[in-house]
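Position in the sequence shown (first residue = 1) + 1452 = my numbering.
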Amino acid sequence: MKNKKFTKKFIFFNHLLHLTKSIFFYKLLKKTNSFPTVFQIQIVNTCNGSCLMCPNSTIEQNTEYIPDNLFKKIIDEIIHHSPSPSIILSLQNEPFLDDNLFNKIQYVKNKGGEKTQVLVVTNGSLLTNEKINELEKSELDSLIISLDAFTEETFNKIRKGLNFNKIKTSIEKILKSNFSGSIFVGYVKQRDNLTEFSKFKEYWRKKGVGIHLDFVNNRSSDLKNFKKICLKYDEYSFGEKIVYFFFQRYLNICPTPLTTVNILTNGDVILCCNDYSKKMILGNVNKNSILDIWNNEKYKRIREKFRDNEYKTIKACQNCSVMNLKFIS
């Protein structure tokens, strides 16, 4: 068990290194990968939560599931072109709303084997005993359960409509189960939970659970309450400020158009996972292959605009709080 988890964590950090290398490779040599390495696939387009830092609750849409034949077509092409892809079966949704989630995980693993990493991000509300039993049998590599709070009071402010104690109990059950993948708890730092992070981190690390830390962003300007919940400048740590400075001064390019494809249930490929209003659709995998879309003129122009520091002319990027460093109020 320990050796397997160590291997998965090594692969995770190796993936981060690959992202960084892709950025510098593009900035220095003006080249990018001929095929993406990270794939976010939306298997169902809805969520049962109503969280402060997510626009989902403000966007009306009918529930759709990705057709099985389309899902298999996507996976088959990914495995054909990529020897060790990272496949995330979560995108602007709650993946456990799809009753066929574990069948999809198994299909990916049967096709890609151990070198294909499969990750699921969930709010944890649907992790019943039955689902945990299925989780034990699955070959899922990593599970991130979003909590964003140490106390029930704070949880209820941030993740409305969900049950803190029920989710926490489910995590404890998974830890005691025979699930062989890596487990992380997610924490998106924002004003309501800022003072709880130290206790949160200490509590879960003692249990051997990894921490997936993120910061609230404006979701490509789709999050209308962003200014109310984002942190003030002096609320960031010294180390976090150094990272922001490094990003602005030396990096200043988003890795998404260099590494990642985001595919919706209807086959549309959107530029960014934060683009909830679908401002940038670059193609559709029902009509074209991922390879053709990845190398089409739209994608090439977007990469060139990032290279030339003209990303503010890109619809999904022009008001992005991450790229414009406006995530600090």
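Using N, Cα and C, we set each Cβ at its ideal position, and we do this for glycine too.
Is residue i helix, strand or coil by DSSP?
i	result
G1564	helix
T1459	Residue confidence is low: T1459 scores 41 on pLDDT, short of 50, so the model does not pin down where it sits. Its coordinate-derived value is still stated next. If DSSP states are grouped into helix, strand and coil, T1459 belongs with the helices.
G1691	helix
S1741	coil
I1663	strand
I1681	helix
D1686	helix
L1646	helix
L1595	strand
N1736	strand
Q1569	strand
N1761	coil
Y1517	strand
I1715	strand
S1781	At S1781, the pLDDT of 36 sits below 50, so the modelled position is not reliable; the number obtained from the coordinates is stated separately. Reduced to three states, the DSSP call for S1781 is coil.
S1590	coil
Let me know if residue i comes out buried or exposed under the rule of 16 or more other beta-carbons within 10 Å of its beta-carbon.
i	result
Y1728	buried
F1458	Bear in mind that the predicted position of F1458 carries a pLDDT of just 40, short of 50, making it too unreliable to give a figure here.
R1671	buried
N1455	Residue placement at N1455 cannot be trusted, given a pLDDT of 36 that sits under 50; what the coordinates show is reported in the next sentence. N1455 is exposed by the Cβ-count criterion.
K1767	exposed
D1644	buried
F1462	In this prediction, F1462 has a pLDDT of 41, which is less than 50 and means its spatial position is unreliable; what the coordinates show is noted afterwards. Flag for F1462 reads exposed.
D1593	buried
N1555	exposed
Y1763	buried
N1508	buried
S1689	exposed
N1545	buried
How far does the alpha helix (DSSP H) with residue i in it reach, from first residue to last?
i	result
N1771	Looking at the DSSP string, N1771 is not in any alpha helix (DSSP H), and its letter there is neither H nor E.
S1622	F1616 to K1628
I1530	D1520 to H1533
T1708	T1708 to T1711
I1610	E1604 to I1610
For the putative contact between residue i and residue j, defined by C-beta atoms under 8 Å, what is the C-beta separation to the nearest angstrom?
i	j	result
L1504	I1610	5 Å
Q1757	L1734	A quick correction: the sequence has Lys, not Gln, at residue 1757. Their Cβ separation, rounded to whole angstroms, is 13 Å, which puts K1757 and L1734 out of contact at 8 Å.
N1617	E1604	7 Å
E1588	N1630	5 Å
D1550	I1511	With 8 Å as the limit, D1550 and I1511 do not qualify as a contact, their Cβ atoms being about 19 Å apart.
S1622	L1579	4 Å
F1667	V1640	7 Å
The beta strand (DSSP E) spanning residue i covers which residue range?
i	result
Y1639	S1634 to K1641
L1578	No beta strand (DSSP E) holds L1578; DSSP gives it neither H nor E.
I1493	V1490 to I1493
I1540	S1538 to I1540
I1722	D1720 to I1722
Counting only the same chain and skipping the five closest in sequence on each side, list residues whose C-beta sits under 8 Å from that of residue i.
i	result
L1646	L1683 and E1687
Which same chain residues, not among the five before or five after residue i, have their C-beta less than 6 Å away from its C-beta?
i	result
K1561	E1591
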